[in-house]
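K.L.:
There's a structure below that I have some questions on.
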Amino acid sequence: MVRGDTWKPSRGLDERLRAGIDMLDVGTGEGHAPLVLARAFPASRFHGLDQSETGIETARAQAARAGLDNLRYIQADSTQITGEYDFITALDVIHDLARPAETLAAIARALRAGGTFLMGDVAASSKLEENIAHPFAPALYGFSVFYCMTTSLSTGGVGLGTAWGQQTAVWMLKEAGFGNVDVEAVEGDPINVYYVATKN
Numbered sequence: 023m024v025r026g027d028t029w030k031p032s033r034g035l036d037e038r039l040r041a042g043i044d045m046l047d048v049g050t051g052e053g054h055a056p057l058v059l060a061r062a063f064p065a066s067r068f069h070g071l072d073q074s075e076t077g078i079e080t081a082r083a084q085a086a087r088a089g090l091d092n093l094r095y096i097q098a099d100s101t102q103i104t105g106e107y108d109f110i111t112a113l114d115v116i117h118d119l120a121r122p123a124e125t126l127a128a129i130a131r132a133l134r135a136g137g138t139f140l141m142g143d144v145a146a147s148s149k150l151e152e153n154i155a156h157p158f159a160p161a162l163y164g165f166s167v168f169y170c171m172t173t174s175l176s177t178g179g180v181g182l183g184t185a186w187g188q189q190t191a192v193w194m195l196k197e198a199g200f201g202n203v204d205v206e207a208v209e210g211d212p213i214n215v216y217y218v219a220t221k222n
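Taking the numbering used here, the leading residue of the sequence shown gets 23, the next gets one more, and so forth.
Here it is as structure tokens:
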């Protein structure tokens, strides 16, 4: 997983990235994750996708300054993914989207056979009563009401919210076509869990 300016090896991906594969980061923002990986694995090809024109412009400028020729950024809606990829990430983004189910389905279609989808999202339960003792619950629900849920609802979206939770996330991944979904925590990251998914 990408944390700061480092990459935590996961499930043999290091070897594949060193050999050369195609990677896509969905909801890339200003493109930090693909930039870190493009520097670390020059044989692979990295892409970042986001609907924000400002974010993509910033990402492209940073890539140009870094002089990386294995990195591209695409301004597009996350439900309209083109191309095929061996490794796709979506880091703390799916719960913000207007159409998360359609995005997950688009990701599943774009993932090549044998590929991996890595989704990082908030560590919480989908059941409100199970989050009462969560140490970050007040902050998570505050973020949800004032940004995450309302951002989605304001564009006609479903409004999953910050604490959509593990049960809903796993169900939605399986509905999108991912037959195997593992949930992993990373030491030193108390906020997120990471879903490692492969297709049926």
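Quick reminder that beta carbons are idealized off the backbone N, C-alpha and C, glycines included.
#1: Tell me whether the beta-carbon of residue 198 lies closer than 8 Å to the beta-carbon of residue 119.
#2: In or out: residue 176 buried (at least 16 other Cβ within 10 Å) or exposed?
#3: Quick one: grab the DSSP three-state call for residue 109.
#4: Would the beta-carbon of residue 144 fall within 8 Å of that of residue 184?
#5: DSSP three-state call for residue 97: helix, strand or coil?
#6: Let's see if you can read the secondary structure: which residues bound the beta strand (DSSP E) around residue 67?
#7: What separation, rounded to the nearest whole angstrom, lies between the Cα atoms of residue 208 and residue 214?
#8: Starting from residue 76 and walking both ways along the alpha helix (DSSP H), at which residues does that stretch end?
#9: Could you tell me the boundaries of the alpha helix (DSSP H) in which residue 165 lies?
#10: Please report the Cβ distance between residue 53 and residue 85, rounded to the nearest whole angstrom; I am assuming they are in contact, meaning their Cβ atoms lie under 8 Å.
#11: Could you check the C-alpha separation between residue 168 and residue 158 for me, to the nearest Å?
#12: According to DSSP, what are the bridge partners of residue 202?
P.N.:
The answer reads as follows:
#1: Cβ distance not < 8 Å, so residue 198 and residue 119 don't count as in contact.
#2: With fewer than 16 Cβ atoms within 10 Å of its Cβ, residue 176 is classed as exposed.
#3: If DSSP states are grouped into helix, strand and coil, residue 109 belongs with the strands.
#4: Contact: yes.
#5: Strand, per DSSP.
#6: Where residue 67 is concerned, the enclosing beta strand (DSSP E) stretches over 67-72.
#7: Cα to Cα, residue 208 sits roughly 8 Å from residue 214.
#8: Residue range 75-88 is occupied by the alpha helix (DSSP H) that includes residue 76.
#9: Unbroken alpha helix (DSSP H) run through residue 165: 159-165.
#10: That pair is a contact at about 7 Å.
#11: Cα-Cα distance, rounded: 16 Å.
#12: Listed as beta-bridge partners of residue 202 by DSSP are 220.
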